[in-house]
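K.L.:
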Amino acid sequence: MIRDSFQPRRRSIRLQGYNYAKHGAYFITVCTSERACLLGEVRNSAVVHSDFGRIVSQCWRELPRHFVGVTTDCFIVMPDHVHGILLVNLVPDSHRGKGEACLAPTRGDTDASLGAIIGSLKSASARKINQYRGTLGAPVWQRNYHERIIRDEEELQQIREYILTNPQRWETRSGGR
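Taking our numbering, the leading residue of the sequence shown gets 1157, the next gets one more, and so forth.
1) Does the Cβ-Cβ distance between Val1233 and Leu1270 come in under 8 Å?
2) So, with DSSP's three-state summary, where would you put His1302?
3) Going by DSSP, which residues form a beta bridge with Arg1199?
4) Let's test the definition: count the other Cβ atoms within 10 Å of the Cβ of Ser1201 and tell me whether it reaches 16, buried, or not, exposed.
5) Compute the distance between the beta-carbons of Ile1306 and Phe1231, then report whether it is under 8 Å.
6) Which residues in the same chain as Lys1278 place their Cβ atom closer than 6 Å to its Cβ, once the five residues preceding and following it in sequence are excluded?
7) Taking the CB atoms as reference points, tell me whether Gly1225 and Val1244 lie closer together than 8 Å.
8) Who does Tyr1187 pair with in a DSSP beta bridge?
9) Which of helix, strand or coil does DSSP assign to Leu1242?
10) Could you pull the start and end residues of the alpha helix (DSSP H) that Trp1216 belongs to?
Written out as structure tokens, the structure is:
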């Protein structure tokens, strides 16, 4: 394919050589197009979801039904972004047996990459939101997503705390958006 010389070359923000379909815990952030606050608002340090925010929340919760080996952990739908933890081919804390490692690989592994999982979330929620508002094909999400590979239990707990306290930080920012 011939590239337009005026098009900027986009560098991947993914960890080079890392297999995002193998087992792992990931901290995900997905932002709305142009950071529009269409998923709700923050009032008194709590998120009040719009109908669109409820759609996104439902789509996040349904990910394990569509991808074998995928478990959703702590997440929050903020007015202009979503933070969440995905466990891919791992046994979550609540399903561990005695003596089993916190982030132990599952037996029914998914073949889907992290990109395919997030792509599914964005596609399904955008389709439902656009059907709801009568704007088929309109952008809902920014291109791509941010991820961080969670390396251990301590980091997992810190990220859970970050997610849960996100509404309080939203209100303390100047203007609160």
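We put the CB at the ideal spot given by N, CA and C, even for glycine.
P.N.:
The short version:
1) For the purposes of this step, residue 1233 is taken as the residue at position 77 of the sequence shown. For the purposes of this step, residue 1270 is taken as the residue at position 114 of the sequence shown. Contact: no.
2) On the sequence shown, position 146 is the one that residue 1302 refers to. It is a strand residue.
3) Working through the sequence shown from its first residue, we reach residue 1199 at position 43. Note: Arg1199 sits in a beta bridge opposite Ala1202.
4) As a first step, residue 1201 is located in the sequence shown; it is residue number 45 there, counting from the start. Exposed, since its Cβ has fewer than 16 Cβ neighbours within 10 Å.
5) One-based indexing of the sequence shown puts residue 1306 at position 150. One-based indexing of the sequence shown puts residue 1231 at position 75. For Ile1306 and Phe1231, no; Cβs fall outside 8 Å.
6) As a first step, residue 1278 must be located in the sequence shown, where it is residue number 122. If we look at Lys1278 and ignore the five residues flanking it on each side, its Cβ neighbours are Trp1297.
7) Locating residue 1225 in the sequence shown gives position 69, where the first residue counts as 1. Locating residue 1244 in the sequence shown gives position 88, where the first residue counts as 1. Yes, the pair counts as a contact, with Cβ atoms nearer than the cut-off.
8) Taking the first residue of the sequence shown as 1, we reach residue 1187 at position 31. Before going on, a small fix: residue 1187 reads as Cys here, not Tyr. Paired residue(s): His1237.
9) Counted from its first residue, the sequence shown places residue 1242 at position 86. Strand, per DSSP.
10) One-based indexing of the sequence shown puts residue 1216 at position 60. Per DSSP, Trp1216 belongs to the alpha helix (DSSP H) from 1207–1222.
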